[in-house]
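Residue numbers for the sequence shown follow full-length UniProt numbering, beginning at 1 and rising by one.
Note that CB positions come from ideal geometry on N, CA and C, so glycine has one too.
Here the structure is a predicted model, which is why all the values come from computation and not from measurement.
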Amino acid sequence: VGKEKFHRSQHWVYCNNVAMLAGEDKPGIGGEPLPGQKLKPKYSAFPEGIGSDAPAWVAFDKQVLSFDAYFEEEVPDKNQELYRIRHCKIYFYLEDDTIQVIEPQVKNSGITQGTIIRRRRIPLPPPHEDQFYTIDHFNIDIEVIFYARRYKIIDCDQFTKNFLLKMGVRVNPPAACPDDPYTAKRKKNLDSMNPLRPYERIDTLKQFLEYDGQVLRFFCVWDDPESKFHDPRKLVLRYYLSDDTIDIKEIIPVNSGRDAIPLFLRRDKLPKYAPTGLYQPGTITSRTVLNVFGKLVGNKGRYILDNRKTGAVHQEFYRDSDLKIGAVINVWGRKVILCDCDEFTKQYYRTKYNITDFTPVSHKAPPPPILEKKLPPYNGFGSEEDSLCSCMGLLLKPPKKDLKKFLEKDRSVMEGNIMCFIAKLITDSPIDKDRKFLISYFLSDDTISVFEYKQRNTGIRGGKFLRRGRIKKPGQELFKSEPSDYFSAQDLFVGARVCFHGHNFLLVDADEYTFNYMERHANEFPVADIGVIMKKLRDMTKSRSQEIRQAFAAANPGHTEAIKYDPFRNLIVSITDGTFLEHEIVTLGRCYSVRDECEVDIHFLLAVAQEQLKKNRFENFEQLSSVFIYNDREKCGVLPRETCRTICKSFRLPLTDDDLQALLTMFEDDSKQVEYKKFVDGLNWRKNQIPAFHTINVPYK
């Protein structure tokens with residue numbers, strides 16, 4: 001019989017004309033079964049067309065079917081129980097048809113519980129032990145045998161039911177689970193049993209787990225009657241929901257003179273004040289114990305717990321229902337008013353007690369009048385700022401400077417940030433009338449310096465007239481508490497009259513940088529704002545437009561549509577009746593001026609650039625050329641003008657932006673690309689020095 005069974009499960013195949021013994025499960029060519037051959041499924045077969053075409057270990061990754069089951073276990077050699085009903089969970093992993101059986105832990109069961117069968121593929125019971133359990137072997141209200149132990153499946157979760165229905169399995173209704181007779185008997189005995197010693201279970205774990213970390217916070221006030229000034233004491237009351245305890249912390253103001261203590265009331269249950277006063281120690285206990293026999297039996301007392309709690313004194317403690325805004329609570333004889341609470345507390349009472357009114361109670365006393373800080377007058381020693389700093393604190397500190405303004409307005413390579421004006425003295429002295437001064441205003445620190453031009457045969461030495469410093473405006477009291485007013489950049493413009501330490505100056509002109517700076521920052525200098533000036537002029541000459549046209553036409557007999565500045569100034573003065581400032585007229589002239597077009601020679605520009613580079617000792621021409629070559633990726637010898645300008649800026653060439661743009665334009669080719677090699681050679685004052693030049697003044701027309 002064994003030989004016949006062996007021949008039936010085996011057959012011969014030929015490979016390269018060599019006979020080989022093959023198993024019964026081996027299919028034919030292409031995986032098709034041989035005639036009369038029935039292949040046993042190795043894994044669960046899912047219907048085609050459902051889900052994706054991915055393999056099972058991808059499509060069903062982390063998807064597990066969960067079944068509730070139980071099995072009976074015999075208990076030999078014990079009269080109290082003959083068998084046990086043990087509940088367990090059966091998990092079927094769809095990705096690889098593995099099965100795991102776990103028994104949940106039961107408290108005080110005395111049985112080693114947990115994993116009964118580790119995750120693996122479980123074979124079917126004999127005589128099909130060569131096959132494994134698949135999804136087709138599972139349903140509700142059936143029995144399965146795992147390693148000779150019989151499990152009864154009674155229910156499953158919702159995901160498992162839905163999956164089985166999609167597979168076309170008719171799911172049986174849930175089955176009933178029998179009770180364990182020994183467990184039911186033991187539970188009945190425990191419920192009817194009373195403790196033999198005084199014991200009462202007080203369970204606070206549920207409240208702790210539910211409200212741990214949740215605290216109600218109230219802002220309170222206690223009017224201390226023993227305080228000398230009867231000032232209210234601000235407190236913060238915290239109610240801990242986990243154990244109904246309260247602690248109070250006092251908010252101590254700065255410089256109040258009170259000792260800083262960690263807590264006003266340490267955390268504990270706060271009792272309501274008893275009508276008869278405080279209870280004595282030992283009066284209030286959580287349990288009442290009775291001595292039944294005293295010392296009659298062997299001088300030993302027998303104590304039992306009084307479940308009725310006869311004669312027990314019950315003390316009430318403050319609960320969350322007693323705390324609300326406006327309530328007065330008794331904190332060991334101190335009347336504390338609850339004035340406000342935080343947002344979490346409001347939400348808690350809104351949810352639990354349906355309280356919506358959280359209007360805070362006003363408890364703050366009217367603020368004391370703010371005393372104006374009076375500073376002592378300036379005593380004449382040092383600067384006003386330095387003397388003022390000595391009144392601000394015990395430790396003397398030097399006055400702070402505006403570092404941000406200094407960094408923004410300090411002199412740099414391209415920006416001088418110095419406003420220069422030409423000034424004359426306002427005097428009747430024939431000697432001083434012709435004196436010329438240069439007034440420099442430094443924007444970085446608002447200081448002013450005055451230099452006098454040297455003039456031959458005047459008998460006056462030129463040079464420094466007033467050293468650099470801040471200058472006060474005239475007409476101010478010297479010894480006063482208020483800070484003095486100093487000259488600012490807005491006070492200086494062409495036509496302004498200023499008084500520096502008793503010397504009256506008239507500003508008659510300014511340099512090109514000053515005009516440009518004031519026009520760029522027209523919002524700070526109204527006299528250089530062409531929009532404001534035009535609006536002012538338009539409002540003054542609304543009804544005289546024809547007269548003004550005739551006046552301008554008369555001043556231009558050649559009809560060239562351009563006149564010189566002096567006739568233009570005289571016309572503006574006559575039109576505005578002398579109300580326009582001199583700087584406003586200059587701004588109008590600069591806005592509508594026409595500069596004569598003249599071609600500047602490239603040698604002149606290079607001479608100017610070389611002179612500037614030589615003065616600033618710039619000699620990094622080889623590095624500049626290397627950076628140009630590095631940026632020339634195509635090695636064609638030319639670069640865009642903006643790229644060349646950026647490279648020159650990175651090297652901080654001491655050239656103005658206009659001169660740099662003009663030089664780069666001179667070295668452009670037909671395609672508007674800069675030939676950087678010629679540009680660097682032209683700037684190299686070491687190798688290609690250009691002779692000295694004379695400044696060319698381009699007059700205004």
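Three or more Cβ pairs drawn from the region 415–423 and the region 439–453 lie within less than 8 Å of each other, which places the two stretches in contact.
If the five residues before and after Gly28 are omitted, its C-beta is found closer than 6 Å to the C-beta atoms of Leu34, all from its own chain and listed in chain order. Counting of Cβ neighbours within 10 angstroms places Phe437 among the buried residues, the total reaching 16 or more. In the three-state DSSP reduction, Trp685 falls in the coil class, being neither helix nor strand. The continuous stretches of beta strand (DSSP E) do not include Ser242, and DSSP gives it neither H nor E.
The secondary-structure analysis by DSSP pairs Gly463 across a beta bridge with Glu452. In this structure, the alpha-carbon of Pro262 lies about 26 Å from that of Pro360. Scanning the region 567–650 for uninterrupted beta strand (DSSP E) segments of 3 residues or longer gives 638–640, listed from N- to C-terminal end. About 11 Å separates the Cβ atoms of Ile99 and Ile116, ruling out a contact at the 8 Å cut-off. Under the Cβ criterion (8 Å, minimum of three pairs), the region 69–80 counts as touching the region 139–152.
The C-beta distance from Leu613 to Cys644 rounds to 16 Å, too long to fall under 8 Å, and the pair is not in contact. Residue environment: Val680 is assigned as buried (16 or more neighbouring CB atoms within 10 Å of its CB, all protein chains considered). The beta carbon of Asn379 is closer than 8 Å to those of Ser387, Phe479 in its chain, skipping five residues each way along the sequence. Annotation for Ile426: Arg497, Asn504, Phe505, Leu506 place their beta carbon closer than 8 Å to its own, counting only its chain and skipping 5 residues before and after. Taken through DSSP and simplified to helix, strand or coil, His137 comes out as helix. Counting along the chain, the unbroken alpha helix (DSSP H) around Trp57 starts and ends at 56–59. If the five residues before and after Phe132 are omitted, its C-beta is found closer than 6 Å to the C-beta atoms of Arg121, Pro123, all from its own chain and listed in chain order.
In the DSSP assignment, Gly531 falls outside any beta strand (DSSP E) and within the unbroken alpha helix (DSSP H) covering 530–540. Close CB contacts of Val328 within its chain, under the 6 Å cut and outside five residues either way in sequence, are with Lys335, Ile337 (chain order). If you ignore the 5 residues before and after His137, its C-beta comes within less than 7 Å of the C-beta of Val144, all in its own chain and listed in chain order.
Rounded to whole angstroms, the gap between the alpha carbons of Lys373 and Pro654 is 51 Å.
The beta-carbon distance between Gln673 and Val627, rounded to whole angstroms, is 17 Å. This is too long to meet the 8 Å contact definition. The alpha-carbon of Tyr349 is positioned some 6 Å away from that of Ile355. Cβ neighbours of Phe651 within its own chain (closer than 7 Å, five residues either side excluded): Asn620, Leu624.
When DSSP reads this structure, His503 sits in a beta bridge with Phe500.
One alpha carbon belongs to Phe159, the other to Ile135, and they sit about 14 Å apart.
The continuous beta strand (DSSP E) containing Glu73 extends over residues 64–74. In terms of CA proximity to Ser362, Lys234 leads the group Ile370, Thr310, Arg411, Lys234. The Cβ atoms of Ile533 and Thr587 lie closer than 9 Å to each other. Distance from the CA of Tyr211 to the CA of Lys346, rounded to the nearest whole angstrom, comes to 16 Å.
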